[in-house]
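Have a look at the structure below, then the notes.
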Amino acid sequence: MTRTVHLSLDINARRYECDVEPRTMLLDALREQLGLTGTKKGCDQGQCGACTVHVDGKRVLACLTLAAQVEGRSITTIEGLAAESGDLHPVQAAFLEHDAFQCGYCTPGQIMSAVACIREGRAGSDEEIREYMAGNLCRCGAYNHIVAAVREAAEMAL
Numbered sequence: 020m021t022r023t024v025h026l027s028l029d030i031n032a033r034r035y036e037c038d039v040e041p042r043t044m045l046l047d048a049l050r051e052q053l054g055l056t057g058t059k060k061g062c063d064q065g066q067c068g069a070c071t072v073h074v075d076g077k078r079v080l081a082c083l084t085l086a087a088q089v090e091g092r093s094i095t096t097i098e099g100l101a102a103e104s105g106d107l108h109p110v111q112a113a114f115l116e117h118d119a120f121q122c123g124y125c126t127p128g129q130i131m132s133a134v135a136c137i138r139e140g141r142a143g144s145d146e147e148i149r150e151y152m153a154g155n156l157c158r159c160g161a162y163n164h165i166v167a168a169v170r171e172a173a174e175m176a177l
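For the sequence shown, our numbering gives the first residue as 20, with consecutive numbering after it.
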């Protein structure tokens, strides 16, 4: 018999209940248990950034975070960035404006890292943006467009 734990997770300003094995990673709980598939599964080893989410406003890699570790904390996924009215978050809008994606697989993680980059005041220069975003890989090579989008969104936030 597989042991499970009951979790109450606060995701995108909504409470979710789920029963998972204690070793279940946040990424798997989001995608498989809760149907929040915007957070992508890339390397499953914390090296690509596709699974980036925010926990209490800080970026974390959901593939390296146990779901049980975030109970009682505020989790934001890509699905929770847009306004309730449907208006895109400024970073999402900037990504569209600058064609900062090609295949789009890395885009949710890139956007979540970009929001954190701006929030933490780490978007002062293209070099600073590149360094902060280095943990998010784009196999299509849209890095110049991503940096331009982050720069524009940061300028709008000022």
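Using N, Cα and C, we set each Cβ at its ideal position, and we do this for glycine too.
If distances are taken between C-alpha atoms only, which option among the options comes closest to residue i?
i, options, result
"Thr84", "Ala176, Lys60 and Arg33", "Lys60"
"Asn155", "Val24, Leu80 and Phe114", "Leu80"
"His30", "Cys67, Glu40, Val89 and Ser144", "The question names His, yet the displayed sequence has Ile at residue 30. The residue with the shortest Cα to Cα distance from Ile30 is Val89."
"Ser144", "Val134, Asp118, Val166 and Arg138", "Val166"
"Thr21", "Ala135, Glu40 and Val169", "Glu40"
Return yes when the Cβ of residue j is within less than 8 Å of the Cβ of residue i, no when it is not.
i, j, result
"Gly128", "Ala69", "yes"
Count the other CB atoms, across all protein chains shown, that sit within 10 Å of the CB of residue i; report buried if there are 16 or more and exposed otherwise.
i, result
"Arg42", "exposed"
"Ser132", "buried"
"Met175", "exposed"
"Glu36", "exposed"
"Asp38", "exposed"
"Cys62", "exposed"
"Glu171", "buried"
"Cys136", "buried"
"Ala111", "Residue identity differs from the one stated: residue 111 is Gln in this sequence, not Ala. Gln111 is buried by the Cβ-count criterion."
"His164", "buried"
Taking DSSP's pairing of strands, which residues face residue i in a bridge?
i, result
"Leu85", "Met44"
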